[in-house]
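See structure below.
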Amino acid sequence: TQASSSFSFSPKYLLIDDISFISRSTREIVSRFKGGVIIAHHNLRDVWDLVDKIAVMSDGKIVFSSLKEDFEYKIIKYKDENEKDEEAWVKLKDDSLKKVLIERGIKFQEINVTPDEVFLHFYARS
Numbered sequence: 015t016q017a018s019s020s021f022s023f024s025p026k027y028l029l030i031d032d033i034s035f036i037s038r039s040t041r042e043i044v045s046r047f048k049g050g051v052i053i054a055h056h057n058l059r060d061v062w063d064l065v066d067k068i069a070v071m072s073d074g075k076i077v078f079s080s081l082k083e084d085f086e087y088k089i090i091k092y093k094d095e096n097e098k099d100e101e102a103w104v105k106l107k108d109d110s111l112k113k114v115l116i117e118r119g120i121k122f123q124e125i126n127v128t129p130d131e132v133f134l135h136f137y138a139r140s
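For the sequence shown, this note's numbering begins at 15 and goes up steadily by one.
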């Protein structure tokens, strides 16, 4: 793009600080940029297709860091043998629980969750 090729220098990092709307041109700049890109943003869903690693900072320090794949989950809801509601958070690509439920004839509901919900469920608990 015009913007990415107009740098008169080759920075190691590009910092994008909490923009309210991520335009197509911003996405192109990020995808073509040869260095590291740091995006400061409050909503993972908005930047999900741009990132491969997620870090959370608090008081100027990284308090959490993980690969994007660690945030790909789904919820499987079902009733156990005693008709008690159960909810299992499983990796998006893990179908082992689903197979067991199908084998046992147990009805279930599969719910996709957002990266923000995964972070809050597993990592932001106090």
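For every residue, glycine included, the Cβ atom is placed at its ideal position computed from N, Cα and C.
If you draw a straight line from the Cα of Ser110 to the Cα of Val61, it comes to about 30 Å. Excluding five sequence positions before and after His56, the CB atoms of its chain that fall closer than 7 Å to its own CB belong to Asp32, given in chain order. In the DSSP assignment, the residues bridged to Phe122 are Tyr92. Leaving aside the five residues that flank Asn126 on each side, the residues in its chain whose CB is nearer than 7 Å to its CB run, in chain order, Lys88.
Excluding its 5 nearest sequence neighbours in each direction, Ile52 has C-beta neighbours in its own chain below 8 Å: Tyr27, Leu28, Leu29 and Ile30, listed in chain order.
Nearest in C-alpha terms to Ile36, of all of Ala54, Leu115 and Ser24, is Ala54. Straight through space, the alpha carbons of Ser39 and Thr128 are spaced by roughly 25 Å.
The three-state reading of DSSP puts Leu81 in strand, counting E and B together. The DSSP-derived three-state label of Ile116 is helix. Ser80 is positioned such that its CB atom lies no closer than 8 Å to that of Ile90. For Asp60, the enclosing alpha helix (DSSP H) starts and ends at Leu58 to Val61. Shown here, Ser45 sits in a helix according to DSSP, grouped into three states.
Counting along the chain, Val65 sits inside no alpha helix (DSSP H), nor does DSSP assign it H or E at all.
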